[in-house]
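Residue 6 is where the sequence shown starts when you use the working numbering, and the numbers rise one by one after that. To start, the structure itself, in structure tokens.
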Amino acid sequence: MKAQVYRGVKQLSYEELPVPTLEADEVLVQVHVVGLCQSDIKKILYPLYEPPRIYGHETAGVIAAVGEDVKNWQVGTRVVVMHHIPCMRCAYCLNDNFSMCDMYKNICTTAGFAPSGGGFAEYVKVPSHIVRNGGLIPIPDDVSFEIASFVEPTNCCLKAVKKAQIAPGQTVLVTGAGPIGLMFIMLVKYFGARAIATDLLPSRIAKALSVGAEAAFDARDAELVAKIHALTNGMGVDTTLLAVPSDKAFFQALDCTRKGGKILFFAEFPDEVEIPLNPNILYRREIDLIGSYSSSFRLQSLAVDIVFNSRIDVAALISDRYPLHELSLAVERAIAPTQETYKILIYPSPEC
């Protein structure tokens with residue numbers, strides 16, 4: 006099979022590799038579509054993990070083979086592949102902190118080498134723990150592989166929305182109108198709140214409005230804080246969702262979020278970034294700072310319902326499609342987006 010192998014910082018190698026061999030309780034999936042996630046890009050651009058690895062985790066495809074002990078899945082079934090599943094027994098899982106679970110972090114789907122997602126390959130192996138515990142999700146006949154590949158990122162955004170306790174009637178500021186920010190806008194509207202967005206690109210500001218933002222502004226606008234306060238009766242927004250790793254966006258969030266409000270960090274900042282903060286701002290204004298990383302097993306069925314039943318229009322986020330052998334070009338496009346670049350999808354199997 007063909008695969009894109011991470012061989013070092015900024016080094017992707019398009020290689021011929023053996024199709025993964027199965028144990029008796031494992032499943033092999035032919036990958037039809039895999040989304041290019043910002044976390045994949047960071048792993049390619051920075052020395053976060055030792056090579057070689059095969060990344061890619063927003064995966065949808067068809068079961069190509071099953072181990073002899075697998076009884077509930079058949080060859081030919083269309084599935085979404087969740088690349089990791091929590092143990093459901095540790096202290097983290099018992100407190101619904103599934104993404105902190107050691108098993109969640111360490112047991113992963115693989116197309117070869119250290120398990121790292123494996124979606125950037127023609128075939129990916131799903132280990133028994135994931136097969137047994139809900140990590141394969143059947144795709145209805147009327148749902149495309151493209152749409153199905155959004156289940157995992159939708160779950161991640163949904164988890165953030167739930168952690169921020171966004172409720173009907175609230176006003177939410179979304180900083181950054183890339184694919185994740187746009188999905189946040191859609192989910193905020195779906196849950197009955199109104200969204201205000203900021204970005205630097207005029208096309209993304211317009212896109213934010215087209216997917217449901219009530220207002221959208223250039224993040225460099227000197228009157229941004231005043232405009233947001235004018236839209237919220239002088240109070241500020243109830244919650245800010247930081248969808249960009251920007252210290253400037255964070256300080257804008259402090260100015261735009263009401264007393265007693267919440268600021269949620271969704272984007273991962275570079276490790277060297279330090280943000281000076283007077284703790285009395287949090288103390289006196291009672292602002293909650295929240296982090297949200299990865300997905301939640303508890304929200305899986307809701308994410309599936311939202312995507313498969315078109316509760317939000319994820320198709321509106323798709324802008325670019327690349328075959329697997331052009332993954333390097335896709336990464337370059339994501340790093341230097343055009344005015345119309347949003348979600349990028351990769352197609353590993355030639356016949357797909």
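Cβ coordinates follow ideal geometry from the N, Cα and C atoms, glycine included.
- Within the region 100-173, the complete alpha helix (DSSP H) runs of at least 4 residues fall at 107-111, 133-137, 150-153 and 156-168.
- Closest in alpha carbon position to ARG94, among ALA126, TYR54, ASN138 and ARG263, is ASN138.
- Here LEU229 is near THR203, since their CB atoms are less than 9 angstroms apart.
- By alpha-carbon distance to GLU73, the top candidate from LYS212, LEU163, VAL32 and ALA321 is VAL32.
- Boundaries for ILE59: no alpha helix (DSSP H) harbours it, and the DSSP string shows neither H nor E there.
- If you look at ALA221, you'll find it in the beta strand (DSSP E) that goes 220-223.
- No Cβ-Cβ contact shorter than 9 angstroms links ALA200 with SER297.
- Pairing VAL179 with VAL129 gives a Cβ-Cβ distance that is not under 9 angstroms.
- For SER133, the closest alpha carbon among the candidates VAL75, ILE280, GLU20 and ILE295 is that of VAL75.
- Contact between GLU345 and SER208 holds, since their C-beta atoms are separated by about 6 angstroms, short of 8 angstroms.
- With contact defined as three or more Cβ pairs closer than 8 angstroms, the region 166-185 and the region 245-252 are in contact.
- Runs of the beta strand (DSSP E) spanning 3 or more residues and lying entirely within the region 294-349 occur at 323-328, in chain order.
- Leaving aside the five residues that flank ALA254 on each side, the residues in its chain whose CB is nearer than 8 angstroms to its CB run, in chain order, THR180, GLY181, THR203, ALA224 and LEU247.
- Between ALA8 and LEU17 a beta carbon distance of about 10 angstroms is seen, past the 8 angstroms cut, so the two are scored as non-contacting.
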